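Number 180 in the numbering used here belongs to position 80 of the sequence shown; there are no gaps in the numbering. All C-beta atoms, glycine included, are put in the ideal place defined by N, C-alpha and C. Please read all numbers here as calculations on a predicted model, not as lab measurements. Here's the structure, in structure tokens; my notes come after.
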Amino acid sequence: MFSTEDSIVAVATPPGRGGIGIVRISGPSAQAIAAALLQHSTPLRARHATFTRVVAHGAPADEAYDEVVATYFPSPHSYTGDDVVEISAHGSPVVLN
Numbered sequence: 101m102f103s104t105e106d107s108i109v110a111v112a113t114p115p116g117r118g119g120i121g122i123v124r125i126s127g128p129s130a131q132a133i134a135a136a137l138l139q140h141s142t143p144l145r146a147r148h149a150t151f152t153r154v155v156a157h158g159a160p161a162d163e164a165y166d167e168v169v170a171t172y173f174p175s176p177h178s179y180t181g182d183d184v185v186e187i188s189a190h191g192s193p194v195v196l197n
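Written out as structure tokens, the structure is:
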């Protein structure tokens, strides 16, 4: 069973290859999850696209998975009504997973 208080991380674009793929993080921990994934020194600004990099937790700073654009939509003014961070990455299934 899941709780409505949970945060969700999911690929938001159809499966397969594409130019851009989107990973959406929605829920009360959206900003914390994004902060753990993104190499960005300051918090994401609301409704501003931010160019940054996705890195593995604990990996050296120069070992990025991808360069991405991240956008933060605070609640209640988001698609889901929760805090949402959308990460627009290259559309390779390997990168998105």
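Let me know the alpha helix (DSSP H) ranges lying completely inside the stretch 125-149, each 4 residues or longer, listed in chain order.
130-137
Just grab the DSSP bridge partners of Ser188 for me.
Residue numbering aside, residue 188 sits at position 88 when the sequence shown is read from its first letter. BP columns for Ser188 point to Ile122, Val169.
Which residues in the same chain as Ser107 place their Cβ atom closer than 7 Å to its Cβ, once the five residues preceding and following it in sequence are excluded?
Indexing the sequence shown from 1 puts residue 107 at position 7. Contacts found: Ile125, Ser126, Gly127, Pro128, Ser129, Ala130, Ile133.
So is Tyr172 buried or exposed if we call it buried at 16+ other beta carbons inside 10 Å?
Here residue 172 corresponds to residue number 72 of the sequence shown, with the count starting at 1. Tyr172 is buried by the Cβ-count criterion.
May I ask you to check if the CB of Asp183 is nearer than 7 Å to at least one heavy atom of the ligand SAM?
Among the components modelled here there is no ligand, and therefore nothing to report on the ligand SAM.
Which residues mark the beginning and the end of the beta strand (DSSP E) in which Ala110 is found?
Along the sequence shown, one-based indexing puts residue 110 at 10. Run containing Ala110: 108-111, per the beta strand (DSSP E) assignment.
Compare the beta carbon distance of Ser192 and Arg117 with 8 Å and say whether it is the shorter of the two.
By one-based count along the sequence shown, residue 192 stands at place 92. By one-based count along the sequence shown, residue 117 stands at place 17. Yes, they are a contact pair.
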